[in-house]
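*Asks:*
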Amino acid sequence: MFPWHTFLTYVVITAATPGPNNIMSMSNASRLGFRRALPFNFGVWAGFSAVMVLCTLFCTALSALIPALHTPMLVLGAAYLLYLAWGTFRSTGDIRESQARDGFLAGLLLQFVNVKIYLYGILSMEVYILPYYQGRPAVLLAFALLLALIGFAFNLCWAAFGSAFRLLFSRHARGVNTVMALLLVYCAVSLFF
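So for the sequence shown, my numbering puts the first residue at 48; every next one is plus one.
1) My understanding is that Thr61 touches Tyr167, with C-beta atoms under 8 Å, so please give their C-beta distance in whole angstroms.
2) Who are the near neighbours of Ser237 in its chain, counting only those whose CB is closer than 6 Å to its CB and skipping five residues on each side?
3) Give me the residue from Ala153, Met172 and Leu152 with the minimum Cα distance to Ala111.
4) Among residues of its own chain, excluding the 5 on either side of Leu129, which ones have a beta-carbon nearer than 8 Å to its beta-carbon?
5) Leu109: which of Pro178, Ala195, Leu85 and Trp133 sits nearest, CA to CA?
6) What residue from Leu79, Arg183, Trp133 and Ile197 has the CA that sits closest to Leu55's CA?
7) When DSSP labels each residue in this structure, what does Asn202 get in the three-state scheme?
8) Closer than 7 Å by C-beta to Ala153: which residues in its own chain qualify, once you throw out the five before and the five after it? Chain order, please.
See the structure below:
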């Protein structure tokens, strides 16, 4: 049976934590307002969807060609989750924004250089999805679009909260970071059970 609880825990934590998409969404919304920042967010969604489909195709081809790659990917995935947990736990909560860009094209192009979502897509596919749905293209496409939709939903949350979210996050950073780090450790450990 598909491990929905650990899959969704991983996906939600990864999508909700600060990264280029979330910080840029928050920055644009705090500068422009939620409605005027939507074109950027729709660009993020379009690019995110394209990258998730590409990650799905890549992982499917790799798993079909080299099935023995599953165990090393599992170990690497767990190590990456533990690395994220450590980084999240140690984080001060300060969010630094780079120069904000807005517009659909800026959001779309950002996805093709956003390492966080490549890792998000590859780890999701290799560790959680492909072991259960290898050889089922429609299901794999649905999962790729689900990953993009969840990422988009959290981009909209960051945009909606704008600068208020920045203040809230920095005020309670230690508690938030500790909970997120423990959930990432839980995801890493659950990969082996």
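We put the beta carbon where it would ideally sit given N, CA and C, even for glycine.
These figures come from a predicted structure and were not determined experimentally.
*Replies:* In terms of the structure at hand:
1) 5 Å
2) Thr53
3) Met172
4) Leu231, Val232 and Ala235
5) Pro178
6) Ile197
7) helix
8) Phe87 and Gly90
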